[in-house]
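In the numbering used here, the protein residues as written are 154 to 228.
The C-beta atom is built at its ideal place from N, Cα and C for all residues, glycine as well.
The block underneath contains the structure these notes are about, expressed in structure tokens.
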């Protein structure tokens, strides 16, 4: 079953019509609100160069898990 999702609000205009595979391989500046300068800082600090790298980064994943636990009422 095919799934269709509108990601336009998450992406820079230039990337809105790209496939999910291409978006994952895109530089992090393809995300709306992430500048080239931000991307350079992410590269320097965490060696993150693509959207996929950002999503798989252990520190970002850990932070997300902690926020989700907090929102679920964990103590």
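Can you check DSSP and say which residues form a bridge with residue i?
i, result
"residue 184", "164"
"residue 202", "Answer by DSSP bridge pairing: none, since residue 202 is not bridged."
If I measure Cβ to Cβ from residue i and keep anything under 7 Å in the same chain, skipping five residues before and after, which residues do I get?
i, result
"residue 201", "181, 195, 207 and 210"
How many whole angstroms separate the CB atoms of residue i and residue j, which I take to be in contact at a CB cut-off of 8 Å?
i, j, result
"residue 164", "residue 177", "With a Cβ gap of about 12 Å, residue 164 and residue 177 do not count as contacting."
"residue 179", "residue 203", "6 Å"
In its own chain, which residues sit with a C-beta less than 6 Å from the C-beta of residue i, not counting the 5 before and 5 after it?
i, result
"residue 187", "181"
Measuring straight from C-alpha to C-alpha, what distance separates residue i and residue j?
i, j, result
"residue 170", "residue 205", "17 Å"
"residue 168", "residue 193", "19 Å"
"residue 158", "residue 172", "11 Å"
"residue 226", "residue 215", "17 Å"
Does any CB atom of chain D fall closer than 8 Å to the CB of residue i?
i, result
"residue 201", "The chain labelled as chain D is not found in the depicted structure, where only one protein chain is given."
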